[in-house]
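*Asks:* Structure in structure tokens, see below.
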């Protein structure tokens, strides 16, 4: 295990299992598989319990042992612990016994679940010594990076498709980010960002910082379990997009069960 790694052990390729140091890298050199953060669950189990979690401020960082930062978080002190709302009328309409809605539209500062992943990515970026952060985006991520970078005193660059409507990134401009339009669709913008990350040594939250960034989504699942009285929901409906939010919410359920923070389920 690396020094000053907190409860992290390594980055590990999801495809071949090769391990990498906890640096700003996101794909395996051998098969281009995505890298995932590996944790020391034995140490976490000795440190984290329901009473410990409940004693902490109601933000996503109450679960910090299961998030990829080596020390105390430095970004996103007001992010998370958004309302879980019981939707009785919608439940009746859909014919289900019980239905809850997780309202991440009240997240701070950008009113999006992206504040979770960005807070983690920027906290880790600062630990790794970065002073400039960036992203490829079509809206929500750009605004979250701009807002959280401004609060953290980091320089921010946002790369967007040139034909993106201005209303989607006006908040990025307000927060002082450099917004750069690129001719082409989002995938082309993302490829360019991968090249820039290597050339300039910037922390791109959804490129070289992606293993840490993606882990931030787990906080939503942790909150759901706690807000349901420490139980895992029978079914969870998650917006798809790239699928990262879905897989990380599932991972959060598995981790809480592994650590004994939520009971084993039969479903």
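Numbering (this note's numbering), first residue to last: 1170 to 1436. Note that the Cβ used here is the ideal one computed from N, Cα and C, for glycine as well.
#1: Helix, strand or coil: how does DSSP classify residue 1177 here?
#2: Excluding the 5 residues preceding and the 5 following residue 1409 in the sequence, name in chain order all residues of the same chain whose CB lies nearer than 8 Å to its CB.
#3: Evaluate the contact criterion for the stretch 1315 to 1334 versus the stretch 1257 to 1268: three or more CB pairs, one atom per stretch, below 8 Å.
#4: Do residue 1280 and residue 1301 have their C-beta atoms closer together than 8 Å?
#5: State the Cα-Cα distance for the pair residue 1307 and residue 1359, rounded to the nearest angstrom.
#6: Starting from the Cα of residue 1320, find the closest Cα among 1250, 1341 and 1380 and give me that residue.
#7: Does the beta-carbon of residue 1351 have 16 or more other beta-carbons within 10 angstroms, so that it is buried, or is it exposed?
#8: Let me know if residue 1424 comes out buried or exposed under the rule of 16 or more other beta-carbons within 10 Å of its beta-carbon.
#9: Helix, strand or coil for residue 1185, going by three-state DSSP, please let me know.
#10: Assuming residue 1288 and residue 1229 form a contact by the criterion Cβ under 8 Å, report the distance between their Cβ atoms to the nearest whole angstrom.
#11: Going straight from the alpha carbon of residue 1196 to that of residue 1318, what length do you get?
*Replies:* With the structure as the only source:
#1: Within the chain shown, residue 1177 is the residue found at index 8, counting from 1. Residue 1177: strand per DSSP, three-state reduction.
#2: Numbered from its first residue, the chain shown carries residue 1409 at position 240. Contacts found: 1415.
#3: Touching, no, given that fewer than three Cβ pairs across the two stretches are closer than 8 Å.
#4: As a position in the chain shown, residue 1280 is number 111, starting the count at 1. As a position in the chain shown, residue 1301 is number 132, starting the count at 1. The Cβ atoms of residue 1280 and residue 1301 do not sit closer than 8 Å to each other.
#5: On the chain shown, position 138 is the one that residue 1307 refers to. On the chain shown, position 190 is the one that residue 1359 refers to. Cα-Cα distance, rounded: 11 Å.
#6: Translated into the one-based positions of the chain shown, residue 1320 becomes position 151. Residue 1320 has its Cα closest to that of 1341, out of 1250, 1341 and 1380.
#7: Numbered from its first residue, the chain shown carries residue 1351 at position 182. That one is buried.
#8: The residue labelled residue 1424 in the question sits at position 255 within the chain shown. Buried is the call here.
#9: As a working note, residue 1185 is residue 16 in the chain shown. If DSSP states are grouped into helix, strand and coil, residue 1185 belongs with coil.
#10: As a working note, residue 1288 is residue 119 in the chain shown. As a working note, residue 1229 is residue 60 in the chain shown. The pair is a contact, with the Cβ atoms about 7 Å apart (cut-off 8 Å).
#11: Start at 1 with the first residue of the chain shown, and residue 1196 comes out as number 27. Start at 1 with the first residue of the chain shown, and residue 1318 comes out as number 149. Rounded to the nearest angstrom, the two C-alpha atoms are 25 Å apart.
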